[in-house]
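Peer 1: First the structure, which I've put down as structure tokens, then a few questions once you've had a look.
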Amino acid sequence: MFKKIILALAVLACASFATWDYYPIPQNKNGGAEAGLYYDKDHRWSQAGLKMGARFTMIKGLEIALTSWGYQFWNEEDCSGCVNGGDGLRDLTIGGRFEIAPMITAFLDFNLPVGDDEYDGAGTNPPSNGEFSIYAGAQFSAPTKMDGLLFGTEAGFLWGFEHDNHERGLDIHVGAEVGYTIPKVGLTPYIGMLLKFRLSESVWYDGNDTEHGYADRRSRQYNLWMGIAYDITPMITVKGQFIFRNEKYKGVWTDGNPHHLGGDANGLYMAAVFNF
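For the sequence shown, counting from 1, position 136 maps to 129 in my numbering; every step adds exactly one.
Structure representation (structure tokens):
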């Protein structure tokens, strides 16, 4: 059972797909950069690393972003016979957002498998699983009557391409976040959620190119995060958040399936954001 949990969580580490945020593209900034440390744990498994990203407003209503890149310090299980490892470069996501209406933004992200996919030994998981994937959808954010109140939603489809004789089923992601900036203080508490749901079955191909299914359609994962951001200056923000996730996997439990939805874990993320 622990091996199944470890495998599921490893996928989350190497395929963490997300747009920059759920809010409208900033109109008064040229862009920003973020660097943060993450730590996740579930039972005897844990991972930690550095995650970085940057975004640029090319023209009004058009944003280009680089996200999810960085370095994984470890991803391993603490068990008898297990080794230390799972370190290396993370995959890079290149994406864009375009404001198609005052409250609606379309997005398109490409996950590039540039990270380290070398297996270090028993109980470890590399930062990358070698999958190229596309995440596309739209965001909706309506203005509120309360000054400082932030609200945004997102819905998108994640499509993974075949790699190493495996192909991920089509996933849909639906998320929302709300925050409130306390006037004259620069402190913003926020809370968000994300649901991942598998619409079609993941498959693998044997040596005769025969397709086999994992029966994982209708699997789902629930994500919840809550945190606080503080504006030290108009150009520098620090933030920290707790993350909770739970997976309801419907398919065949096997170590051969690299496409679980992320497993169960509790985590902590702390970052600094530089606006320019």
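Positions of the beta carbon are idealized from the N, C-alpha and C atoms, including for glycine.
Measuring straight from C-alpha to C-alpha, what distance separates residue 18 and residue 98?
Peer 2: Each residue's Cα considered, the two are about 8 Å apart.
Peer 1: Classify residue 207 as helix, strand or coil using the three-state DSSP reduction.
Peer 2: In the structure shown, residue 207 sits in coil (DSSP, three-state: anything other than H, G, I, E or B).
Peer 1: What residue from 263, 267, 240, 145 has the CA that sits closest to residue 256's CA?
Peer 2: When only C-alpha atoms are compared, the closest one is 240.
Peer 1: Is the separation between the beta-carbon of residue 152 and that of residue 131 shorter than 9 Å?
Peer 2: Taking 9 Å as the Cβ cut-off, residue 152 and residue 131 do not qualify as a contacting pair.
Peer 1: Between which residues of its own chain and residue 273 is the CB-CB distance below 7 Å, once the five residues before and five after are set aside?
Peer 2: The first residue shown for the chain is -6 and the last is 269, placing residue 273 beyond what the model contains.
Peer 1: Beta-carbon separation of residue 123 and residue 102 under 9 Å?
Peer 2: Contact: no.
Peer 1: Could you give the DSSP three-state label for residue 83: helix, strand or coil?
Peer 2: In the structure shown, residue 83 sits in coil (DSSP, three-state: anything other than H, G, I, E or B).
Peer 1: Compare the C-alpha of residue 24 against each of 192, 110, 90 and name the closest.
Peer 2: It is 90.
Peer 1: Taking 9 Å as the cut-off, decide whether the C-beta atoms of residue 244 and residue 193 are in contact.
Peer 2: Not closer than 9 Å, so no.
Peer 1: On the criterion of 16 or more Cβ atoms from any shown chain inside 10 Å, does residue 147 qualify as buried, or is it exposed?
Peer 2: With 16 or more Cβ atoms within 10 Å of its Cβ, residue 147 is classed as buried.
Peer 1: Quick check on residue 24: does DSSP put it in helix, strand or coil?
Peer 2: If DSSP states are grouped into helix, strand and coil, residue 24 belongs with the strands.
Peer 1: Can you check whether the CB of residue 46 is closer than 9 Å to the CB of residue 59?
Peer 2: Taking 9 Å as the Cβ cut-off, residue 59 and residue 46 qualify as a contacting pair.
Peer 1: Should residue 53 go down as buried or exposed, given a rule of 16 or more other Cβ atoms within 10 Å for buried?
Peer 2: The residue is exposed, with fewer than 16 neighbouring Cβ atoms inside 10 Å.
Peer 1: By alpha-carbon positions, which one of 50, 118, 176, 22 ends up nearest to residue 66?
Peer 2: When each option's Cα is compared against that of residue 66, the closest is 118.
Peer 1: Report yes or no: is there a C-beta of chain D within less than 9 Å of the C-beta of residue 27?
Peer 2: Checking the listed chains, one finds no chain D in this structure; it contains a single protein chain.
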